[in-house]
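Notes for the one structure printed next.
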Amino acid sequence: DTAVSQTPKYLVTQMGNDKSIKCEQNLGHDTMYWYKQDSKKFLKIMFSYNNKELIINETVPNRFSPKSPDKAHLNLHINSLELGDSAVYFCASSLWGSGIPNTGELFFGEGSRLTVL
Amino acid sequence: AQKVTQAQTEISVVEKEDVTLDCVYETRDTTYYLFWYKQPPSGELVFLIRRNSFDEQNEISGRYSWNFQKSTSSFNFTITASQVVDSAVYFCALMPNTGNQFYFGTGTSLTVIP
């Protein structure tokens with residue numbers, strides 16, 4: 092069973108389009124994240140949700156909108172895609188904020204490679 | 323400020339050589355956690371190890387070992403007798419106890435040449 096799964100794995104689209112990436116975790120974790128990895132492999136946090144509530148919202152264009160319908164899902168919607176949005180987007184989850192003693196290890200999905208043409 | 327520095331951008335070694343990947347961190351928190359993740363060419367991020375700030379014992383897992391030194395704020399990773407399968411980008415990360423945010427280093431790309 093996949094612990095953190097993202098769909099789609101690959102996404103190729105034109106500038107100006109709107110697209111979504113979905114993420115689901117079956118680990119029972121309370122906190123989920125979106126990270127962006129650029130072409131230089133730099134990992135940058137975008138958002139974090141704890142039990143459906145937004146707790147981290149880094150400086151990200153407001154074209155990016157996360158949605159968490161429940162604590163097992165965190166989707167990322169991107170409006171008006173730009174060339175610079177091309178990257179690999181990683182979803183992750185952790186036990187942080189669950190009330191269970193833990194060390195916050197992140198469990199990552201396989202990544203979704205977005206290419207904007 | 324919270325920061326992780328991996329000064330080595332790229333390293334190449336010949337198979338069976340030992341290699342050490344450096345990681346230096348900055349934090350004002352007294353409690354924090356340090357991590358190493360591996361990203362092979364297939365792209366997924368694989369957790370390797372977690373260390374808390376109160377445990378300075380070095381750890382060995384097979385060919386992998388980690389040296390945590392609070393005095394120098396370093397958490398270095400050594401691969402002994404490297405293999406081609408070790409070729410990957412390795413990330414060091416810091417998680418202060420005051421928040422749930424990870425601070426990743428910029429990664430070290432390791433190439434093991436057969």
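Chains F and D, in that order, are what the protein sequence lines are.
Under my numbering, the first residue of the first sequence is numbered 92, with each subsequent residue one higher.
Under my numbering, the first residue of the second sequence is numbered 323, with each subsequent residue one higher.
Backbone N, C-alpha and C define an ideal beta-carbon position, used for all residues, glycine too.
All values derive from a computational prediction rather than experimental measurement.
7 Å Cβ shell around residue i - same chain, five flanking residues per side excluded
| i | result |
| --- | --- |
| V207 (chain F) | T104, M106, L172, E173, L174, D176, S177 |
| N170 (chain F) | D109, R154 |
| Y354 (chain D) | S375, L416, M417, P418, N419 |
| T150 (chain F) | none |
| M137 (chain F) | W125, Y126, K127, E149, V151, F155 |
| Q324 (chain D) | E348, T349, L416, P418, Y425 |
Amino acids of chain D, ordered along the chain, whose beta-carbon sits closer than 9 Å to that of residue i
| i | result |
| --- | --- |
| T122 (chain F) | N422 |
| I169 (chain F) | Within 9 Å Cβ-Cβ: nothing; I169 (chain F) doesn't reach chain D, min ~20 Å. |
| V179 (chain F) | G365 |
Member of the options whose CA lies at the smallest distance from the CA of residue i
| i | options | result |
| --- | --- | --- |
| A163 (chain F) | F:P99, F:Y124, F:N108 | F:Y124 |
| W309 (chain D) | D:R372, D:I401, D:S387, D:E348 | There is no way to answer for residue 309 (chain D), as the model of chain D reaches only from 323 to 436. |
| V341 (chain D) | D:L367, D:S393, D:E332, D:E381 | D:E332 |
| N380 (chain D) | D:Q324, D:K360, D:V335, D:L356 | D:L356 |
| C114 (chain F) | F:P160, F:P152, F:L134 | F:P160 |
| R385 (chain D) | D:S393, D:T402, D:N398, D:F369 | D:T402 |
Proximal residues of chain F, C-beta to C-beta of residue i below 9 Å
| i | result |
| --- | --- |
| R350 (chain D) | By Cβ distance, chain F contributes nothing, its closest Cβ being about 18 Å from R350 (chain D), past 9 Å. |
| G384 (chain D) | Ordered by position in chain F, no residue passes the 9 Å Cβ test against G384 (chain D), which lies about 19 Å from the chain. |
| T428 (chain D) | K131, K132, F133, L134 |
Reduced DSSP category for residue i - H, G, I as helix; E, B as strand; rest coil
| i | result |
| --- | --- |
| V151 (chain F) | coil |
| T98 (chain F) | strand |
| D176 (chain F) | helix |
| S393 (chain D) | helix |
| D161 (chain F) | strand |
Beta-carbon contacts of residue i that lie in its chain and below 6 Å, excluding the five residues immediately before and after
| i | result |
| --- | --- |
| F507 (chain D) | There is simply no residue 507 (chain D) to check, as chain D begins at 323 and stops at 436 in what is shown. |
| P436 (chain D) | E337, V406 |
| S396 (chain D) | V346 |
| V411 (chain D) | Q361, G429, S431 |
| F311 (chain D) | Residue numbering for chain D in the displayed model covers 323 to 436; residue 311 (chain D) lies beyond these limits and cannot be assessed. |
| L167 (chain F) | I112, W125, P157 |
Contact list for residue i against chain F, beta-carbon separation under 8 Å
| i | result |
| --- | --- |
| L343 (chain D) | Residues of chain F passing the Cβ test: none, with the nearest at roughly 14 Å. |
| V437 (chain D) | Because chain D in this structure spans residues 323 to 436, residue 437 (chain D) falls outside the shown range and cannot be described. |
Interface partners of residue i on chain D, CB under 8 Å
| i | result |
| --- | --- |
| S139 (chain F) | N422, Q423 |
| E201 (chain F) | G365, E366 |
Rounded Cβ spacing between residue i and residue j (contact assumed at less than 8 Å)
| i | j | result |
| --- | --- | --- |
| S383 (chain D) | K338 (chain D) | With a Cβ gap of about 19 Å, S383 (chain D) and K338 (chain D) do not count as contacting. |
| F198 (chain F) | F181 (chain F) | Not a contact, Cβ separation roughly 11 Å. |
| N299 (chain D) | I112 (chain F) | Residue 299 (chain D) falls outside the range modelled here, since chain D spans only 323 to 436, and no answer is possible. |
| D351 (chain D) | A329 (chain D) | So it is not a contact: roughly 22 Å between Cβ atoms. |
| A94 (chain F) | Q116 (chain F) | 6 Å |
Residues that residue i contacts on chain D, provided the C-beta gap is smaller than 7 Å
| i | result |
| --- | --- |
| L197 (chain F) | F424 |
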